[in-house]
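Chemist:
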């Protein structure tokens, strides 16, 4: 009887010891939880437009867990918005080191390269994206790849990808405007004007650039209606660099 009682006590004791070993979170889980807490704090600050506080919390998250992909991604977004492109690139590269299939990070990395005029680096990232069958916005990758080619004066390739972007997203007026730029660079003013008008037709309320581009073409041909497009350019967004350029064209008419 005593031996049986001892066995029961030992068995219960073993369960208690197992509970002590497995019932609480492991050290790795605690690290992940702490990093996630600081990431969520940072994301909240970012949404509230308190960017300095967001950077502080995200930095803390990455100190705790250097492989926190979402924290790197949000830091990349923040530095991209601040035009601190070097830091932005570093964070987007870290995202892709941890999660190579994080397609939005790759698109943003390529977009930063475009902003830095690193056309070949941008081309490399977008070529990867257009082959990713699970990427949900391939029109962006095609349009951005077209822009990289356009700035390398590879006009036929640029046109191919702008056309694909417009095919995948028919209301993407940016792709139509960009096709106009390619035709203008090729010396085909009539096709350029057609695509600028198409971009205006699709996005009549908030897209300045095709008005500016079409206005320049019309002015070069001595068409007085160019003034209408420069005025519309200013009306859409009066306080940016493109509006100022439109005002300069208006001043010579």
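Numbering (mature numbering (1 follows the signal peptide of the UniProt record, and there is no 0)), first residue to last: -23 to -1, 1 to 230. Ideal Cβ placement from N, Cα and C applies to all residues, glycine included. Source: prediction; values computed, not measured.
1) Give me the residue from 74, 76, 153 with the minimum Cα distance to residue 184.
2) Hey, how far is the Cα of residue 214 from the Cα of residue 224?
3) Quick check on residue 187: does DSSP put it in helix, strand or coil?
4) Does the ligand ADP have even one heavy atom less than 7 Å from the beta-carbon of residue 74?
5) Please report the straight-line C-alpha distance between residue 45 and residue 4, rounded to a whole angstrom.
6) Using 10 angstroms around the beta-carbon of residue 83, count the other beta-carbons present and answer buried if the total reaches 16, otherwise exposed.
7) So, with DSSP's three-state summary, where would you put residue 42?
8) According to DSSP, simplified to helix, strand and coil, what is residue 83?
9) Could you give the residue range of the alpha helix (DSSP H) that holds residue 150?
10) Can you name, in chain order, every residue of its own chain whose Cβ lies under 6 Å from the Cβ of residue 156, other than the five neighbours on each side?
11) Where does residue 171 fall in DSSP's three states?
12) Between which two residues does the alpha helix (DSSP H) holding residue 77 run?
13) Would you mind giving the Cβ-Cβ distance between residue 189 and residue 219, rounded to the nearest angstrom? I have them listed as a contact below 8 Å.
14) Any idea what DSSP makes of residue 141, helix, strand or coil?
15) Could you tell me the distance, in whole angstroms, from the CA atom of residue 147 to the CA atom of residue 177?
16) Give me, in chain order, the residues of the same chain whose beta-carbon lies closer than 6 Å to that of residue 179; leave out the 5 immediate sequence neighbours on both sides.
17) What's the gap between the Cα of residue 13 and the Cα of residue 107?
Modeler: From the atom records:
1) 153
2) 12 Å
3) helix
4) No copy of the ligand ADP appears in this structure; indeed no ligand is present at all.
5) 16 Å
6) buried
7) coil
8) helix
9) 150 to 162
10) 139, 172
11) helix
12) Run containing residue 77: none; DSSP gives neither H nor E here.
13) 6 Å
14) helix
15) 13 Å
16) 148, 150
17) 31 Å
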